[in-house]
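*Asks:* Protein chains in written order, with the UniProt record's numbering: chain D, 1 to 297; chain E, 1 to 297. All C-beta atoms, glycine included, are put in the ideal place defined by N, C-alpha and C. I have a structure here, written as structure tokens, and I will follow up with some questions on it.
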């Protein structure tokens, strides 16, 4: 999708890759499908932990293959994401909203049920799956007669950004890849710039999909295949979100606005460029959207 | 656009025609463009009255042709619609929020400026222009290997519904056409069923684009070329709007949800049918959306 109004405002040619229109409303369907399609023979139960979209994606991919699925979710996950996991027939196991609680709850679940774990991002199958967005982008742009100058993708755990970086290196090495991250969850930028993966952070951002810490495989791939990681303020995310709702009429979630926020916050890097911005997901509580507008979230 | 979740829920195959992604964010761009492209030679100023989308559409179409444009708008028009008219370079002339005030203000403006009036709906060029959505629908469905059973379009002044009825009669006479209207602005249904155009009503609906009274040309065409007009409650509009936001991720305005509301309110009429639902526009104040969610609008 494109918006001539936004292009005029920002002095760049933006092409939105609409992963919020993907199955389960997020790019996470790609990685989950890729993982489920290559499970060890005989697997009949998969499990994961997720603040939401990966959980729904795994629930969907498992249901498509006739497998059972359990998803460990923090109690404070958005209602719309809990409902989606349940709607695909997976069982939700609630835990405290910390990475440690998620991991220990998942570990206990595996011990008792023998479930095969499909992690949300630090997994080669997931990273490769998320990277499948790149051949689509390249082909869709080629159909329209151009090659993009760069791709901007949000980074949380780093599954998407690592997959995009890897796929771009292989398929379109002239294209630059930029990660975009909330300043309130800037572990990827600090990791990228220091060369050492930052594992301690207390995320503080409305972009609930990006509150996770960068994975290890993800860090190594991002370090080697991504050109830079930039951060954006919460105000910039809010404004980008409003632009996406009002100008493109796409009801995306806050995490999905972080790429456009990066373009708006760093205009000189994008001026007169052909920029693909990945809109990562659209699973948004209406109530939460109203609170965002009122500035109370 | 399609949503397998909505199809499952409603037992019908819905195909959304996304006029909110049209230029100026509404189907009104079609009629305005058609009118402006056939103005009398020498016209350099056009004018209209509009609660919003037609005003923006005429402003856009005029600007595209290098013409000046004045738009009479009620003071209570949504801010986002006022901003759009201004952004396309038209001059806004405010009036009281009644049809009479709009018409007398426009009449006075024509007297002093000599502007050529392009009415919002009761105009052959506008009706024909709005009807251009039909050949697109027919072609897009044919590409996907099917012919729709019916088209559902909201009706306010009746420009879209009359144009759709007329074009369907000419191009796809086997297809049924259904108008959908808020119960709080049901002049089209009363006119259709009684055979006499109802000209008195005090509209009461959140669907601000449908508060206008059915035009005369529009009534005659709808009477002859439309199969039925159904009404929906405000609650149904609200629920359809939430479905559109959450399931299809399309941030449409309340008027655009009236077609889906009709499908939800009258399921037996649509079961197992291939139904094209026209999403008419997406020009929605974020603040108004928040109020809608809170139930205070």
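What residue ranges within the segment 107-162 of chain D form continuous alpha helix (DSSP H) runs of no fewer than 4 residues, ordered along the chain?
*Replies:* Counting only runs of 4 or more, we get 124-130 and 133-143.
*Asks:* May I have the straight-line CA-CA distance separating residue 135 of chain D from residue 171 of chain D, to the nearest angstrom?
*Replies:* The residue labelled residue 135 of chain D in the question sits at position 135 within the first chain. The residue labelled residue 171 of chain D in the question sits at position 171 within the first chain. Their backbone Cα atoms lie some 7 Å apart in a straight line.
*Asks:* Got a sec: which bits of the segment 11-33 of chain E sit with their beta carbon under 9 Å from any beta carbon on chain D, in order along the chain?
*Replies:* Here the close residues are 18, 20, 21, 23 and 25.
*Asks:* Hey, is residue 167 of chain D's beta-carbon within less than 8 Å of any beta-carbon in chain E?
*Replies:* Taking the first chain and counting its residues from 1, the one referred to as residue 167 of chain D is at position 167. Cβ-Cβ to chain E under 8 Å: no for residue 167 of chain D.
*Asks:* Where does residue 250 of chain D sit, in a helix, a strand or coil, going by DSSP?
*Replies:* Residue mapping note: residue 250 of chain D aligns to position 250 of the first chain, counting from 1. Residue state, collapsed to three classes: strand.
*Asks:* Identify the residues that DSSP records as bridge partners of residue 15 of chain E: which are they?
*Replies:* Translated into positions along the second chain, residue 15 of chain E becomes position 15. Residue 15 of chain E is bridged to E:276.
*Asks:* Is residue 94 of chain E helix, strand or coil when you go by DSSP?
*Replies:* The sequence position of residue 94 of chain E within the second chain is 94, counting from 1. Residue state, collapsed to three classes: strand.
*Asks:* Tell me whether residue 139 of chain E is buried or exposed, calling it buried when 16 or more other Cβ atoms sit within 10 Å of its Cβ.
*Replies:* Numbered from its first residue, the second chain carries residue 139 of chain E at position 139. Per the 10 Å Cβ criterion, exposed.
*Asks:* Would you mind sorting residue 19 of chain E into buried or exposed? The rule is 16 or more other CB atoms within 10 Å of its CB.
*Replies:* By one-based count along the second chain, residue 19 of chain E stands at place 19. Buried.
*Asks:* Would you say residue 250 of chain E lies against chain D (beta-carbon separation less than 8 Å)?
*Replies:* As a first step, residue 250 of chain E is located in the second chain; it is residue number 250 there, counting from the start. So yes, residue 250 of chain E belongs to the interface.
*Asks:* Residue 200 of chain D CB to nearest chain E CB: under 8 Å?
*Replies:* Along the first chain, one-based indexing puts residue 200 of chain D at 200. No, because no Cβ of chain E sits closer than 8 Å to the Cβ of residue 200 of chain D.
*Asks:* Looking only at C-alpha atoms, which of E:264, E:259 and E:292 sits nearest to residue 277 of chain E?
*Replies:* Taking the first residue of the second chain as 1, we reach residue 277 of chain E at position 277. Checked all of E:264, E:259 and E:292; the closest Cα to residue 277 of chain E is E:259.
*Asks:* How many Å lie between residue 199 of chain E and residue 161 of chain E at the Cα?
*Replies:* The residue given as residue 199 of chain E occupies position 199 in the second chain. The residue given as residue 161 of chain E occupies position 161 in the second chain. Those two C-alpha atoms are separated by around 17 Å.
*Asks:* Kindly say whether residue 293 of chain D, judged by its beta-carbon, lies nearer than 8 Å to any beta-carbon of chain C.
*Replies:* Among the chains of the structure shown, chain C does not appear; the protein chains present are D and E.
*Asks:* Put residue 54 of chain E into one of helix, strand or coil per three-state DSSP.
*Replies:* Within the second chain, the letter at position 54 stands for residue 54 of chain E. Residue 54 of chain E: helix per DSSP, three-state reduction.
*Asks:* When you compare only the Cα positions, how much space is there between residue 275 of chain E and residue 22 of chain E?
*Replies:* Position 275 of the second chain, counted from the start, is the residue given in the question as residue 275 of chain E. Position 22 of the second chain, counted from the start, is the residue given in the question as residue 22 of chain E. Each residue's alpha carbon lies about 20 Å from the other.
*Asks:* For residue 266 of chain E, which three-state DSSP category applies?
*Replies:* For this step, residue 266 of chain E is matched to residue 266 along the second chain. Correct three-state label for residue 266 of chain E: coil.
*Asks:* Can you list, in chain order, the residues of its chain with a C-beta nearer than 6 Å to that of residue 177 of chain D? Leave out the 5 residues immediately preceding and following it.
*Replies:* In the first chain, residue 177 of chain D corresponds to position 177, counting from 1. Excluding residues within five positions, the ones whose Cβ falls inside 6 Å are 151, 164, 165, 168, 226 and 227.
*Asks:* Beta-carbon separation of residue 130 of chain D and residue 30 of chain D under 8 Å?
*Replies:* The residue you call residue 130 of chain D lines up with position 130 of the first chain. The residue you call residue 30 of chain D lines up with position 30 of the first chain. In contact: residue 130 of chain D and residue 30 of chain D (Cβ atoms closer than 8 Å).
*Asks:* Would you list, in chain order, the members of the segment 269-287 of chain E that have their beta-carbon closer than 7 Å to a beta-carbon of chain D?
*Replies:* Within the segment 269-287 of chain E, the qualifying residues are 282, 286 and 287.
*Asks:* Please classify residue 197 of chain E as buried or exposed, where buried requires at least 16 other C-beta atoms within 10 Å of its C-beta.
*Replies:* Here residue 197 of chain E refers to the residue found at position 197 when the second chain is read from its first residue. Its Cβ being crowded by 16 or more others within 10 Å, residue 197 of chain E is buried.
*Asks:* Under 8 Å, Cβ to Cβ, is there at least one residue of chain E near residue 246 of chain D?
*Replies:* For the purposes of this step, residue 246 of chain D is identified with residue 246 of the first chain, where counting begins at 1. So, interface residue.
*Asks:* Quick one: Cα of residue 293 of chain E to Cα of residue 288 of chain D, how far?
*Replies:* As a first step, residue 293 of chain E is located in the second chain; it is residue number 293 there, counting from the start. As a first step, residue 288 of chain D is located in the first chain; it is residue number 288 there, counting from the start. Whole-angstrom Cα-Cα distance: 10 Å.
*Asks:* Would you call residue 102 of chain D buried or exposed, if buried means 16 or more other Cβ atoms sit within 10 Å of its Cβ?
*Replies:* Translated into the one-based positions of the first chain, residue 102 of chain D becomes position 102. Result: buried.
*Asks:* So what's residue 75 of chain E in DSSP terms, helix, strand or just coil?
*Replies:* Residue mapping note: residue 75 of chain E aligns to position 75 of the second chain, counting from 1. Three-state DSSP puts residue 75 of chain E in coil, outside helix and strand.
*Asks:* Closer than 7 Å by beta-carbon distance: list the chain D residues that pair up with residue 242 of chain E, in chain order.
*Replies:* For the purposes of this step, residue 242 of chain E is taken as residue 242 along the second chain, with counting starting at 1. 286, listed in chain order.
*Asks:* With DSSP run on the structure shown, which of helix, strand or coil describes residue 259 of chain D?
*Replies:* By 1-based counting over the first chain, the position of residue 259 of chain D is 259. Here residue 259 of chain D sits in helix by DSSP.
*Asks:* Using DSSP bridges, identify the partner residues of residue 180 of chain D.
*Replies:* In the first chain, counting from the first residue as 1, residue 180 of chain D sits at position 180. In the DSSP output, where bridge partners are listed per residue, residue 180 of chain D has D:154 and D:230.
*Asks:* Taking residue 240 of chain D as the reference, give the member of D:254, D:208, D:28 and D:231 with the closest Cα.
*Replies:* For the purposes of this step, residue 240 of chain D is taken as the residue at position 240 of the first chain. Nearest option by C-alpha distance: D:254.
*Asks:* For a contact meaning CB atoms closer than 7 Å, what does residue 372 of chain E contact in chain D?
*Replies:* No information on residue 372 of chain E is available, as it lies outside the stretch 1 to 297 that chain E covers here.
*Asks:* Does the beta carbon of residue 80 of chain E come closer than 8 Å to any beta carbon on chain D?
*Replies:* Taking the first residue of the second chain as position 1, residue 80 of chain E is located at position 80. Answer yes: the Cβ-Cβ gap between residue 80 of chain E and chain D drops below 8 Å somewhere.
*Asks:* Run through the DSSP bridge pairs and tell me what residue 26 of chain E is partnered with.
*Replies:* Start at 1 with the first residue of the second chain, and residue 26 of chain E comes out as number 26. E:281, per the DSSP bridge assignment.
*Asks:* Could you check the C-alpha separation between residue 159 of chain D and residue 35 of chain D for me, to the nearest Å?
*Replies:* As a first step, residue 159 of chain D must be located in the first chain, where it is residue number 159. As a first step, residue 35 of chain D must be located in the first chain, where it is residue number 35. If I take the Cα positions, the gap works out to 13 Å.
*Asks:* Compare the Cα-Cα distances from residue 66 of chain E to each of E:125, E:252, E:37 and E:192 and report the closest residue.
*Replies:* Start at 1 with the first residue of the second chain, and residue 66 of chain E comes out as number 66. Closest by alpha carbon: E:37.
*Asks:* Touch check for the segment 51-59 of chain E and the segment 198-217 of chain E: three-plus C-beta pairs under 8 Å?
*Replies:* Flag = yes, the segment 51-59 of chain E and the segment 198-217 of chain E touch.
*Asks:* Would you kindly work out how many angstroms separate the C-alpha atoms of residue 58 of chain D and residue 285 of chain D, rounded to a whole number?
*Replies:* Within the first chain, residue 58 of chain D is the residue found at index 58, counting from 1. Within the first chain, residue 285 of chain D is the residue found at index 285, counting from 1. One C-alpha to the other measures close to 20 Å.
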